[in-house]
Amino acid sequence: YPKKKTQKGRRYMRIRDFREEDRAEYLKMAQIFYGSDAVSHPVDPQHFIRTFDQALAGNPFLRGFIVDLDGQCAGFGLISFTWSNEAGGLVVWLEELYIKPEFRNLKLGTQFMQAVMQRERPPLPSGSLPRKHRCQAPL
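Residue numbers (this note's numbering): 9 to 147.
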């Protein structure tokens, strides 16, 4: 994803796929996220490792992203892909979006969502589910 200027000054956000060197930081953030009030039950930390490994391996049903602000890791996002009979094609789910506390209120979550919706979603008009929709594979 290209860099985007944030609302506050000359700071730049970049969304990029997970890389091996992100492993420790991602695992730390995932543990913080799943230890928060954002979730209803504990999750086995081995799931975080498996998710990261699958994202790196190119699993076609998952993408993992690092949200970077001026070269600093500001958070992560996970999206998954599934087929929906109801929607008539491929559906993209935002599984997780975590922004570190010191990077909140900079509209990084909003920019992440906009970037994913523009780049990853199937070509569906907003608010409609056409009957003859033909889905495209994820980018």
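For each residue, glycine too, the CB sits at the ideal point set by N, CA and C.
Just so it is clear, the structure is predicted and the values come from calculations on it, not from any experiment.
Item: Report the rounded CA-to-CA distance for Ser134 versus Phe120, giving the unit in angstroms.; Value: For Ser134, the pLDDT reaches just 46, beneath the cut-off of 50, and the residue's location in the model is therefore unreliable, although a value from the coordinates is still provided. If you take the alpha carbons of Ser134 and Phe120, they lie about 18 Å apart.
Item: Counting C-beta neighbours from all protein chains within 10 Å, is the total for Glu28 16 or more, i.e. buried, or is it exposed?; Value: exposed
Item: Lys115 to Arg58, Cα distance in whole Å?; Value: 29 Å
Item: Looking at the unbroken beta strand (DSSP E) that takes in Asp76, where does it start and where does it end?; Value: Leu70 to Leu77
Item: Report buried or exposed for Gly66, applying the criterion of at least 16 other Cβ atoms within 10 angstroms of its Cβ.; Value: exposed
Item: In the DSSP assignment, the beta strand (DSSP E) including Glu103 goes from what residue to what residue?; Value: Gly97 to Ile107
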